[in-house]
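Chemist: Attaching a single structure in structure tokens format; questions to follow.
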């Protein structure tokens, strides 16, 4: 069974304090790893897709990386508007995305 | 309107009520999904429709009944729910099925917050 574990569950950062979120996965034949951002009262919003180990993608202060067992979402010099829950999901064979439990990030000014 | 729209945003119902959640997408997508998001639990896939045909029922109790009259609209009919069914119900759509070769991106609605008394 596909499994996705995100850590930490919650992260409190000062503005400008860089940090990383972890997404560990166990799947048979990874077809893609996704990062989503979810703000309170809203649905998840797509950030990145990574397909193979060694791949990296960047968007503003966010950078996602992928190895054969885990993905990291690096937040560089975060701002309060980066506060959200970040969700990781993996796609193996079939039509199903398996989501992790998410990491709640709070960036204080 | 653009994107994925869900109504109502909030719903409170008793265990004997019958209600429906509605989802509409204006993206020209062909696949639609219902997910359940409970506190401190990962998103759970409930149903998948592709070109109006149900392709997946993820062992969901029969008190949840989906309906997809066309590729733009998706409903979730609720009856005889239990308090543990209280959750955020998210609708999503994608250009094609997320499992097709080549990853596909889901666009989510804002969700319907359901409380069962």
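Chains as they are written, first to last, in the numbering used here: chain A, 60 to 168; chain B, -19 to 97. Every residue, glycine too, gets a C-beta built ideally from N, C-alpha and C.
Are residue 26/B and residue 10/B close, meaning C-beta to C-beta below 8 angstroms?
Modeler: Here residue 26/B refers to the residue found at position 46 when the second chain is read from its first residue. Here residue 10/B refers to the residue found at position 30 when the second chain is read from its first residue. No, they are not a contact pair.
Chemist: Does the stretch 28 to 35 of chain B come close enough to the stretch 45 to 58 of chain B to have 3 or more Cβ pairs within less than 8 angstroms?
Modeler: yes
Chemist: Figure out for me which residue from 139/A, 144/A, 132/A has the closest Cα to the Cα of residue 78/A.
Modeler: To locate residue 78/A, count along the first chain from 1; it is residue 19. Checking every option, the nearest Cα to that of residue 78/A belongs to 132/A.
Chemist: Quick one: is residue 167/A buried, meaning 16 or more other Cβ sit within 10 Å of its Cβ, or exposed?
Modeler: In the first chain, the residue the question calls residue 167/A occupies position 108. Answer is exposed; the Cβ neighbour count stays below 16.
Chemist: Mind listing, in chain order, the continuous beta strand (DSSP E) runs of no fewer than 3 residues lying wholly within the stretch 69 to 133 of chain A?
Modeler: 69 to 73, 78 to 85, 91 to 97, 104 to 109, 115 to 118, 121 to 125
Chemist: What are the partner residues of residue -11/B, as DSSP defines its beta bridges?
Modeler: For the purposes of this step, residue -11/B is taken as residue 9 along the second chain, with counting starting at 1. Paired residues: none, contrary to the question.
Chemist: Comparing alpha-carbon positions, which option in 130/A, 121/A, 84/A, 126/A lies nearest residue 138/A?
Modeler: Along the first chain, one-based indexing puts residue 138/A at 79. When only C-alpha atoms are compared, the closest one is 121/A.
Chemist: Measuring only the C-alpha atoms, how far is residue 66/A from residue 85/B?
Modeler: In the first chain, counting from the first residue as 1, residue 66/A sits at position 7. In the second chain, counting from the first residue as 1, residue 85/B sits at position 105. Straight-line spacing of the CA atoms in residue 66/A and residue 85/B works out to 23 angstroms.
Chemist: Give me, in chain order, the residues of the same chain whose beta-carbon lies closer than 6 angstroms to that of residue 93/B; leave out the 5 immediate sequence neighbours on both sides.
Modeler: The sequence position of residue 93/B within the second chain is 113, counting from 1. Excluding sequence neighbours, residue 93/B sits near -10, 68.
Chemist: Just checking my contact of residue 68/A with residue 162/A at CB under 8 angstroms: how many whole Å lie between their CB atoms?
Modeler: Translated into the one-based positions of the first chain, residue 68/A becomes position 9. Translated into the one-based positions of the first chain, residue 162/A becomes position 103. Residue 68/A to residue 162/A, Cβ: 7 angstroms. Contact.
Chemist: Going by other Cβ atoms of all chains shown within 10 Å of its Cβ, with 16 needed for buried, is residue 105/A buried or exposed?
Modeler: As a first step, residue 105/A is located in the first chain; it is residue number 46 there, counting from the start. Label assigned to residue 105/A: exposed.
Chemist: Which full runs of the alpha helix (DSSP H) of 4+ residues lie inside the stretch 14 to 78 of chain B, going along the chain?
Modeler: Entirely contained in the stretch 14 to 78 of chain B, not one alpha helix (DSSP H) run reaches 4 residues.
Chemist: What residue range does the beta strand (DSSP E) around residue 2/B cover?
Modeler: On the second chain, residue 2/B is found 22 positions in, with the first residue counted as 1. Per DSSP, residue 2/B belongs to the beta strand (DSSP E) from -2 to 5.
Chemist: Once the 5 residues before and after residue 96/B are set aside, which same chain residues still bring their CB inside 7 angstroms of it?
Modeler: The residue labelled residue 96/B in the question sits at position 116 within the second chain. Once the five neighbours on either side are set aside, the close Cβ partners of residue 96/B are -7, -5, 61, 62, 63, 65, 66.
Chemist: If residue 87/A sits next to residue 152/A, beta carbons under 8 angstroms apart, how far is it from one beta carbon to the other, in whole angstroms?
Modeler: Counting from one through the first chain, the residue named residue 87/A turns up at place 28. Counting from one through the first chain, the residue named residue 152/A turns up at place 93. Confirmed, Cβ separation roughly 7 angstroms.
Chemist: So residue 98/B contacts chain A; which residues on that side make the cut at Cβ distance below 9 angstroms?
Modeler: Chain B is shown from -19 up to 97; residue 98/B falls before or after that span and cannot be answered.
Chemist: Taking all protein chains shown into account, do 16 or more other C-beta atoms lie within 10 angstroms of the C-beta of residue 97/A, making it buried, or fewer, making it exposed?
Modeler: One-based indexing of the first chain puts residue 97/A at position 38. Buried.
Chemist: Report, in whole angstroms, the separation of the C-beta atoms of residue 92/A and residue 109/A, which I expect to be a contact under 8 angstroms.
Modeler: Along the first chain, read from residue 1 onward, the residue named residue 92/A stands at position 33. Along the first chain, read from residue 1 onward, the residue named residue 109/A stands at position 50. With a Cβ gap of about 5 angstroms, residue 92/A and residue 109/A count as contacting.
Chemist: Who are the near neighbours of residue 148/A in its chain, counting only those whose CB is closer than 6 angstroms to its CB and skipping five residues on each side?
Modeler: Taking the first chain and counting its residues from 1, the one referred to as residue 148/A is at position 89. Closer than 6 angstroms at Cβ, skipping near neighbours: 93, 156, 158.
Chemist: Please confirm whether residue 16/B has its beta-carbon closer than 8 angstroms to some beta-carbon of chain A.
Modeler: Position 36 of the second chain, counting from 1, holds the residue named residue 16/B. By this cut-off, residue 16/B is not an interface position.
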